[in-house]
Amino acid sequence: MLQLTVAGVALGSIYALVAIGFVIIYRATGAVNFAHGDMVTVGAFAALWATTVLEAPILVSWLVAVLMLGVLGMLTYRFVYRPLRHHPFLAVAIATLGLAFVFRGVLFVIFGPQPAALPSPVGGGAVSIGGAVVSRHLLLIIGVTAVLVVSQALFFRHTFLGKSLRATAENQEVARMLGLRTNRIILWTFAYGAGLAAVAGVLLAPVRFVTLDLGFGVLLKAIVGAIVGGFGSLPGALVGGLIVGLAEVFGASLISSAFRDTFAFGILIIILLVRPHGLFQVKAEEKV
Amino acid sequence: MIQVKGLEVRYGAVTALQDVSLQVDEGECVAVLGANGAGKTSLLRAISGFAPTAAGEIRFKDESIVGQRPENIVRSGMSHVPEGRGILGQLTVRENLELATAPWRRRGDSIDEDLERVHSLFPKLAERRDQRAISLSGGEAQMLAIGRGLMARPRVMLLDEPSLGLAPVIVTRVFDVLEEVAAQQLALLIVEQNAKQALRVADRVYVLSQGNVVMEGPAAEVRDDPKMAEAYFGV
């Protein structure tokens, strides 16, 4: 039972990280970034590249991946979002979908179709907690996510940039009236969101293999999590991601692993029937 | 401080302002009066860079600011207190005030003195500093909007209908504060429907009707002019 809970929370943490990155960009710009899942994949490949080609230690490769994705997020803002920002919502959505295929294509050309393994900095071992055997890496996933979520909350609450981000998310025009350089703020939001995707990628890679499909399914589940939590809400993205991860792990183990991917959507349907706006309802005036 | 010459603002086929010229001198309080749809909001939005200037010239501190980004115009010393107040409801009162210091604040600068000054003008804001701004009443929200404008340490402050939706006694209080602020070397450009209050605090007045300036002069003269009523309530 404890084993399953840890596995569910760990998987849910990944979904939550991806959902938070996705929602943060949505809140700042009103745009959805369908390339976000493939940014997870790119993050894992970036770390793989750093460990193999640069022969960097694993933790350094994580840093490389996060920095590279930060830059990639900025480029996405500059060359995909910004030219289209005055166009309808759908134009940006389709463009990011196209970007996702670009990422895949480039990764395929560079790394080929072979799955590769990215080791964990804590190795493949397990620890025993109260009789249950729990993988160290799963605990690392949970720990890293917890630290990130808490520092992010403190950042939004207590720093000038964090408050500027919230102001920009709430009303971009008013933020500009206060003299905030919203372009720059949104640029950093894209960098941060993509950086979170990289973290999810390097955390997930040791559990799965590094493949071209690594991030795609993850984004789908993360979006389900974000909707379950109440789309647009950051606490909602966290809680929703965790719920989806737990449902998937418990469902697969107790009911049937053949239906592994259906549990997330089952939860989604149930939640939407009971609470159509998700668990943490985002009020109209909170939306972008 | 602000010179506007031959300003034209258009939204598609609709002309909102036509050949509008006006001037605000250092420390002066200027009111622009006009009915709904006269183009008052477009005028302020064009000056602060939010509405596109189709023709004409806008100068601020002797530099042309046409085509500049609004946030950079604000950063160069022009506060804009928008119609409907533009309160960031999910942020606290204090956070709203704090963010408005973006134009001048550098790492480590204290904002306490500026906060103190706004709190002494609007004691209610001090009481409510840690509440979310969405919980404020209309009058308090207007005070916060003005307080925010002051936190930027502007040379000139644009105010869009500060009386909008407020009870008469609150309107009087708001304009009392504006009078006090105007006495402190800060130039004000107020657009208003409430002519009585605006004429009380303004040095000079422009009357705007259907996108054109139809009258201008010292507030005292306009106050007693019968043509004024015509510009206002006539066609």
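Same order as they appear, the protein sequences are chains A and B. Note that my numbering numbers the first sequence so that position 91 is 91, with each residue one more than the last. Note that my numbering numbers the second sequence so that position 12 is 1012, with each residue one more than the last. For every residue, glycine included, the Cβ atom is placed at its ideal position computed from N, Cα and C. The structure presented is a predicted model; accordingly, all values stated were derived computationally and were not measured.
How far does the beta strand (DSSP E) with Phe1060 (chain B) in it reach, from first residue to last? Ala1055 to Phe1060
Spell out a yes or no on whether the stretch 56–76 of chain A and the stretch 215–225 of chain A are touching, meaning 3 or more CB-CB pairs, one atom from each, closer than 8 Å. no
DSSP state of Gln1023 (chain B), grouped into three classes? strand
Would the C-beta of Gln281 (chain A) count as close to the ligand MN, meaning under 7 Å from any of its heavy atoms? The ligand MN is not among the ligands present in this structure, which contains no ligands whatsoever.
Identify which residue in A:Phe103, A:Leu90 and A:Ala169 has its Cα closest to the Cα of Asp213 (chain A). When each option's Cα is compared against that of Asp213 (chain A), the closest is A:Phe103.
Chain B contact for Thr29 (chain A) (CB, 8 Å cutoff): No, Thr29 (chain A) does not count as interfacial toward chain B.
I want to see whether chain B comes within less than 8 Å of Arg166 (chain A), judged by CB atoms only; does it? yes
Quick check on DSSP: helix, strand or coil for Leu1080 (chain B)? The sequence shown places His at residue 1080 (chain B), not Leu. Three-state DSSP puts His1080 (chain B) in a strand.
Give the interface partners of Asn171 (chain A) over in chain B, defined as CB-CB distance under 8 Å, in chain order. The answer, in chain order, is Gly1086 and Leu1088.
Looking at C-alpha atoms only, which residue of A:Phe111, A:Leu140 and A:Pro115 is the closest neighbour of Gly124 (chain A)? A:Leu140
Taking the alpha-carbon positions, what's the Leu1099 (chain B) to His158 (chain A) distance? 12 Å
Is there contact between the stretch 171–190 of chain A and the stretch 1083–1103 of chain B, where contact requires at least three CB pairs shorter than 8 Å? Three or more Cβ pairs drawn from the stretch 171–190 of chain A and the stretch 1083–1103 of chain B lie within less than 8 Å of each other, which places the two stretches in contact.
Measuring alpha carbon to alpha carbon, tell me which of A:Leu69, A:Phe45 and A:Val147 ends up nearest Arg111 (chain A). The identity of residue 111 (chain A) in the sequence shown is Phe, whereas the question assumes Arg. Among A:Leu69, A:Phe45 and A:Val147, the Cα nearest to that of Phe111 (chain A) belongs to A:Phe45.
Between which two residues does the alpha helix (DSSP H) containing Ile185 (chain A) stretch? Thr182 to Leu204
Should the stretch 29–38 of chain A be regarded as contacting the stretch 86–99 of chain A, the criterion being three or more beta carbon pairs within less than 8 Å? The stretch 29–38 of chain A is in contact with the stretch 86–99 of chain A.
Kindly say whether Pro1070 (chain B), judged by its beta-carbon, lies nearer than 8 Å to any beta-carbon of chain A. yes
Strand pairing of Asp1160 (chain B), partner residues [DSSP]: DSSP lists B:Val1191 as the bridge partner or partners of Asp1160 (chain B).
Based on Cα-Cα distance, which residue from B:Val1024, B:Leu1007, B:Tyr1011 and B:Met1001 lies nearest to Glu1063 (chain B)? B:Met1001
Using the Cβ count rule (16 or more neighbours within 10 Å means buried), how would you classify His1080 (chain B)? buried
Cutoff 8 Å: Ala1100 (chain B) Cβ touching any chain A Cβ: By the rule that beta-carbons nearer than 8 Å mark a contact, Ala1100 (chain B) touches chain A.
Does the stretch 1101–1116 of chain B come close enough to the stretch 1143–1152 of chain B that 3 or more CB-CB pairs lie under 8 Å? Yes, the stretch 1143–1152 of chain B is in contact with the stretch 1101–1116 of chain B.
Based on Cα-Cα distance, which residue from A:Asn183, A:Phe160 and A:Ile243 lies nearest to Arg1107 (chain B)? A:Phe160
Could you tell me if Val109 (chain A) is buried or exposed, where buried requires 16 or more neighbouring beta carbons within 10 angstroms of its beta carbon? With a threshold of 16 other beta carbon atoms within 10 Å, Val109 (chain A) falls short and is exposed.
How is Leu1017 (chain B) classed by DSSP in three states: helix, strand or coil? strand
Would you identify the three-state DSSP class for Pro121 (chain A), choosing helix, strand or coil? coil
Close Cβ partners of Glu1140 (chain B) (< 6 Å) along its chain, the five nearest in sequence each way excluded: So the list reads Lys1124, once near-sequence residues are dropped.
Just list the residues that DSSP pairs Ala50 (chain A) with in beta bridges. In the DSSP output, where bridge partners are listed per residue, Ala50 (chain A) has none listed.
8 Å Cβ cutoff, Leu180 (chain A) in contact with chain B: At least one beta carbon of chain B lies nearer than 8 Å to the beta carbon of Leu180 (chain A).
How would you write the range of the beta strand (DSSP E) that Glu983 (chain B) sits in, first residue to last? Because residue 983 (chain B) is not part of the residues shown, which for chain B are 1001 to 1235, the question remains open.
Can you list, in chain order, the residues of the stretch 1051–1084 of chain B whose Cβ is nearer than 7 Å to any Cβ on chain A? Pro1070, Glu1071, Val1074, Arg1075, His1080 and Pro1082
Output needed for Val1166 (chain B): all residues of its chain with C-beta closer than 8 Å, excluding positions within five of it in sequence on either side, in chain order. Note on identity: in this sequence residue 1166 (chain B) is Leu, with Val being the wrong assignment. Here the set comprises Gly1138, Gly1139, Gln1142 and Val1174.
Tyr1206 (chain B) lies in the beta strand (DSSP E); which residues open and close that run? Its beta strand (DSSP E) spans residues Arg1204 to Ser1209.
Let's test the definition: count the other Cβ atoms within 10 Å of the Cβ of Gln1184 (chain B) and tell me whether it reaches 16, buried, or not, exposed. exposed
With a threshold of 8 Å between beta-carbons, can Pro1162 (chain B) be considered close to chain C, or not? No chain C appears in the structure shown, which is made up of the protein chains A and B.
Within 10 Å of its beta-carbon, does Asp1224 (chain B) have 16 or more other beta-carbons around it, so buried, or fewer, so exposed? The residue in question, Asp1224 (chain B), is exposed, as its Cβ has fewer than 16 Cβ neighbours within 10 Å.
Proximal residues, the stretch 98–120 of chain A versus chain B, C-beta separation under 8 Å: Correct list: empty, as no residue qualifies.
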